[in-house]
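Colleague: Plus 275 on top of the position in the sequence shown (first one is 1) and you've got the numbering used here.
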Amino acid sequence: MFEIRHLDPQQYRQQTRKSTLIVAVVFAVLAMSLSALAVAMFGSPEVSNFRWNLAGVLLGLAIAIALVRNVFWTQPWMAAAVYGWQLKRSLMSVTNAMHQVEAGVKAGSPEAMKLLRFYHLGLGEMHNLDGNPQALNDLGGQIDKHREAMLEMGLSIDQYQLDPAWLDTLQQSAGGPST
276 MFEIRHLDPQ QYRQQTRKST LIVAVVFAVL AMSLSALAVA MFGSPEVSNF RWNLAGVLLG
336 LAIAIALVRN VFWTQPWMAA AVYGWQLKRS LMSVTNAMHQ VEAGVKAGSP EAMKLLRFYH
396 LGLGEMHNLD GNPQALNDLG GQIDKHREAM LEMGLSIDQY QLDPAWLDTL QQSAGGPST
């Protein structure tokens, strides 16, 4: 279950830049080192060594991906980037079912109402972290209208957690596959 946390946008951007730089440097060092090693071991001065250089870069990429997933992902310096990735992934899971969410909202489904509220709060957090708080102005009236409808239904507007069961319930009621 993903939960929206309110992070300081300046600190978030600083931390994500740092983690991006670390991962990029690790990849560059691996790619250059493995390319040089592949050319030294298997290359020949008489022919092009492009394939060995490419093989080294691809191997460096594979190792960098494995390091990010298995080692770096749990490091404190990577926490902001992981949070941003999880936030965007959670928003995308709602976006992928948006036609069902909107139909559920029209039908008065509590799960759909909560999902749309989570989506609005998550978008606000994402745009805030990305330094683009003006992006929500286009949805301003729609967000306020939805919040008021939730209050009228007696639903909590503090939907900072995404419960995957909401999506499952919504998709099952629509006859679609569950996620």
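Think of the CB as a built atom: it goes at the ideal place given N, C-alpha and C, for glycine as much as any other residue.
(1) So L437 and F393 are supposed to be a Cβ contact under 8 Å. How far apart are they, rounded?
(2) Express the C-alpha separation of V322 and W360 in angstroms, rounding to a whole number.
(3) Tell me the residue span of the alpha helix (DSSP H) that contains V314.
(4) Could you tell me whether the region 350-369 touches the region 420-432, where touching means 3 or more Cβ pairs closer than 8 Å?
(5) What are the start and end residues of each continuous alpha helix (DSSP H) run of 4 or more residues lying completely inside the region 342-400, in chain order?
(6) Where does the unbroken alpha helix (DSSP H) through A440 begin, and where does it stop?
(7) Give a yes or no on contact between the region 380-390 and the region 314-333, applying the rule of three or more CB pairs nearer than 8 Å.
(8) Is the region 361-377 touching the region 340-350 in the sense that three or more CB pairs, one from each, lie closer than 8 Å?
(9) Distance check for V369 and T291, CA to CA, integer angstroms please.
(10) My output table needs one value for Q417: the three-state DSSP class, helix, strand or coil.
(11) Go ahead and label L305 buried or exposed: buried means 16 or more other beta carbons lie within 10 angstroms of its beta carbon, across all protein chains shown.
Modeller: To lay it out plainly:
(1) Contact holds; Cβ gap of about 5 Å.
(2) Taking the straight line joining both Cα atoms gives about 43 Å.
(3) P284 to F317
(4) No contact exists between the region 350-369 and the region 420-432.
(5) Taken in chain order, the complete alpha helix (DSSP H) segments of 4 residues or longer contained in the region 342-400 are 354-370 and 373-382.
(6) P439 to S448
(7) no
(8) no
(9) 24 Å
(10) helix
(11) buried
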